[in-house]
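Below is one structure, written out as structure tokens; comments come after it.
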Amino acid sequence: MSDEKNLEQELNELLTEGEPISEEERREEGRRRLPPRYEVRIQTELDPIVEETLQYRKMAKELDDRYDQYLKKTGHVDKEKSEEN
């Protein structure tokens with residue numbers, strides 16, 4: 001029991017040591033932690049989801065065909081799937 005109290009006391013000392021942070025510094029820290037307002041998006045030639053799906057379909061058969069609609073939306077047709085139908 002005393003070991004736990006000693007550990008808690010040491011942890012408390014470690015966390016409270018140092019200079020106290022002013023209100024202005026806390027606000028500035030809060031501003032730095034906010035996510036950015038803007039996102040940068042880059043349009044690519046290849047869709048990684050489509051490419052990966054096609055590679056997985058070469059290795060194994062998909063049981064529920066859940067990516068078929070996504071492939072249709074992107075305009076990609078799986079050659080093996082189209083040959084089966």
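Numbering (full-length UniProt numbering) for the sequence shown: 1 to 85. The C-beta atom is built at its ideal place from N, Cα and C for all residues, glycine as well.
Buried/exposed call for residue i, threshold 16 Cβ in 10 Å
i: T74; result: exposed
i: L71; result: buried
i: Y67; result: buried
i: T44; result: exposed
Residue closest to residue i, alpha-carbon to alpha-carbon, out of the options
i: Q69; options: V50, M59 and E24; result: V50
Unbroken alpha helix (DSSP H) run spanning residue i, endpoints
i: residue 105; result: This structure cannot speak to residue 105, because the chain is shown only from 1 to 85.
i: E62; result: Run containing E62: none; DSSP gives neither H nor E here.
Three-way DSSP call (helix, strand, coil) for residue i in this model
i: D3; result: helix
i: T44; result: coil
i: E39; result: coil
i: V50; result: helix
i: residue 101; result: With the chain covering 1 to 85 only, the question about residue 101 has no answer from this structure.
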